[in-house]
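S.K.: 1201 is the number of the first residue of the sequence shown in this note's numbering; add one for each residue after it.
Each residue gets a CB set at the ideal place from its N, CA and C atoms; glycine is no exception.
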Amino acid sequence: MISFSHIGICVSDIPTSVRFYCNVLEFQKGKLFTSEDTGGSELSSLLGFDGDLEFQCHFVCKDMLLLELLQFTIPNPVGTATARPMNKLGFTHLTFRVDEIDSIAAKVIEYGGTVLGATRTKRLSPGGYNEDVMFCLDPDGTRMELLTLSDNVKFN
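#1: Can you check whether the CB of Y1329 is closer than 8 Å to the CB of N1223?
#2: Any contact between the region 1255 to 1271 and the region 1311 to 1320? By contact I mean 3 or more CB pairs, one from each, below 8 Å.
#3: Classify I1274 as buried or exposed, calling it buried when 16 or more other Cβ atoms lie within 10 Å of its own Cβ.
#4: Per DSSP, I1274 is paired with what?
#5: When we look at the beta-carbon of V1211 and count the other beta-carbons within 10 Å, is it buried (16 or more) or exposed?
#6: Could you please give the first and the last residue of the uninterrupted alpha helix (DSSP H) stretch that includes R1343?
#7: Going residue by residue through the region 1276 to 1336, where are the continuous alpha helix (DSSP H) segments of at least 4 residues, counting only ones entirely within it?
#8: Mind checking F1335: buried by the 16 CB within 10 Å criterion, or exposed?
#9: Just mark F1272 as buried or exposed, buried being the case when its beta carbon has 16 or more other beta carbons within 10 Å.
#10: Tell me whether the beta-carbon of I1214 lies closer than 8 Å to the beta-carbon of T1342.
#11: Under three-state DSSP, which class holds I1207?
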């Protein structure tokens, strides 16, 4: 048996990220763990580090999507809170279907994210349905797509 479990996202501040995902995208708070709860430095090599390891992780859930928000204190997080190029190999974005983009975009800004307004696209798709799409970033630069689309449009 194979089943999907969760997606891990490195964040700079657990409380900020939990507020963002819960207040902007209506996730529910799940469990909070520290490195002490999960075996601490025993996980260092599993996670690709040498030496000491300290972190917190807070799970948040929406529908069937479970996110693990990870804040490392040893070693410190690396990188910047900017969007990765979409053509960089690996993870590109999370997509959320929304009823209306403008109110969500306002919340993105209110809770420390960034709206990429130049990406806003309203069109009649080649499939014949109306779509309204825009990208934004969470407070740490994780790209999210806000998508307004009829419920009867499926991707599977």
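M.R.: Working from what's here:
#1: no
#2: no
#3: Counting Cβ neighbours within 10 Å, I1274 comes out exposed, since fewer than 16 surround it.
#4: E1254
#5: It counts as buried.
#6: It is not in any alpha helix (DSSP H) - R1343 instead sits in the beta strand (DSSP E) that spans R1343 to L1349.
#7: 1301 to 1310
#8: When all chains shown are included, F1335 counts as buried.
#9: buried
#10: no
#11: strand
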